[in-house]
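Scroll down for the structure; my scribbles are underneath it.
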Amino acid sequence: MNRKPAPPNRHRKKQSLFHWREQLLSRRRFLLAAAGGGLACLFPLASMADKQAMQQDPWPVIDAVQQQLFPGEPGIPGAREINALGYLQFVVNDKTLPQEDRDFILQGTTWLQGMSTKKYRRGFTQLNNNEREQLLRLIAGSEAGENWLSTLLLYIFEALLSDPVYGGNTGEAGWQWLAHTPGFPRPPADKTFVQLLKI
C-alpha cells in the first residue's frame, strides 16, 4: 500500500532549525566563555582613563581590527568592501545570539583598548598599521586573545560568503572574487534566517 508522506510540520521544522543552530553554537559558546575569563586575566585592572575609553563605541575598534585581519587589495575585497562590520552588527543585534557571545565580541574591544593604552598610550584606532599589527600579534599569543581574533575572523568569512540580504558581501563582492554561483532560490528579505525563526 502506497501512502503519501505526511505534510511537513512547520513547528517541527522551526524547532529542528533552532536545535541545529544551537548545536553549532554550543562548542563556540563554551570556548568563548572560557576565553572571556582568560582575556580578563591577560589584561591588568584598568586605570580611570582606560575605564573612560572602555565606555566608548566599540564599533570603530572592531572596524580597525577587521581591516587588519582582512585587508583589501586591488581586485581582492577586504573587510570594508564586503561590509564585514555591518554583517557583525547584524549578528550582534540578532536576539537568538546568546548574550555571552555578544558580550565576548564587544568586551574584546575594551581589553584591546586597555592593552593599546598601556603599551602605546593611545587607543587602537590611533595606532599606525605596524603598531596595530604588533598589538594583534601580542594578544594572539594568548589563548583568549586568539579566540577573540578567531571569532572576528569567523564572522568576516561569514560576511564574505553570506547572501547580501544579511548585510555582508556587498554587491556580491565575495562571491565574485571566489567565482561562486549562489544557490537558488536566494532568500528574500522577508524570509531570512531570523524571519523564519519567528514563524
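The sequence shown begins at 2 in my numbering and counts up by one. Glycine is no exception: its CB is placed at the ideal position from the N, C-alpha and C atoms.
- prompt: Are the stretch 165-174 and the stretch 187-196 touching by the rule of at least three beta carbon pairs closer than 8 Å?
  reply: yes
message: Going by beta-carbon coordinates alone, are Asn170 and Ala180 separated by less than 8 Å?
response: Along the sequence shown, one-based indexing puts residue 170 at 169. Along the sequence shown, one-based indexing puts residue 180 at 179. Taking 8 Å as the Cβ cut-off, Asn170 and Ala180 do not qualify as a contacting pair.
- prompt: Nearest to Gly109 by CA position, among Ala174, Asp64, Pro186, is which residue?
  reply: Start at 1 with the first residue of the sequence shown, and residue 109 comes out as number 108. Of the listed residues, the one whose Cα sits closest to Gly109 is Asp64.
task: Helix, strand or coil for Glu74, going by three-state DSSP, please let me know.
output: Taking the sequence shown and counting its residues from 1, the one referred to as residue 74 is at position 73. Of the three classes helix, strand and coil, the one that applies to Glu74 here is strand, per DSSP.
- prompt: Among Pro186, Ile140, Asp95, which has the Cα closest to the Cα of Leu113?
  reply: Residue numbering aside, residue 113 sits at position 112 when the sequence shown is read from its first letter. Nearest C-alpha to Leu113: Ile140.
- request: Tell me whether Gln127 is buried or exposed, calling it buried when 16 or more other Cβ atoms sit within 10 Å of its Cβ.
  value: Counting from one through the sequence shown, the residue named residue 127 turns up at place 126. When all chains shown are included, Gln127 counts as exposed.
task: From the DSSP output, in three-state form, read off Gln100 for me.
output: Counting from one through the sequence shown, the residue named residue 100 turns up at place 99. DSSP places Gln100 in helix when its eight states are reduced to three.
message: Assuming Ser151 is part of the alpha helix (DSSP H), what are its boundary residues?
response: Within the sequence shown, residue 151 is the residue found at index 150, counting from 1. First-last of the alpha helix (DSSP H) with Ser151: 144-162.
query: What does a CB cutoff of less than 6 Å around Phe185 pick up in its chain, not counting 5 residues either side in sequence?
result: What you label residue 185 is simply residue 184 of the sequence shown in a count that begins at 1. Hits under 6 Å: none found.
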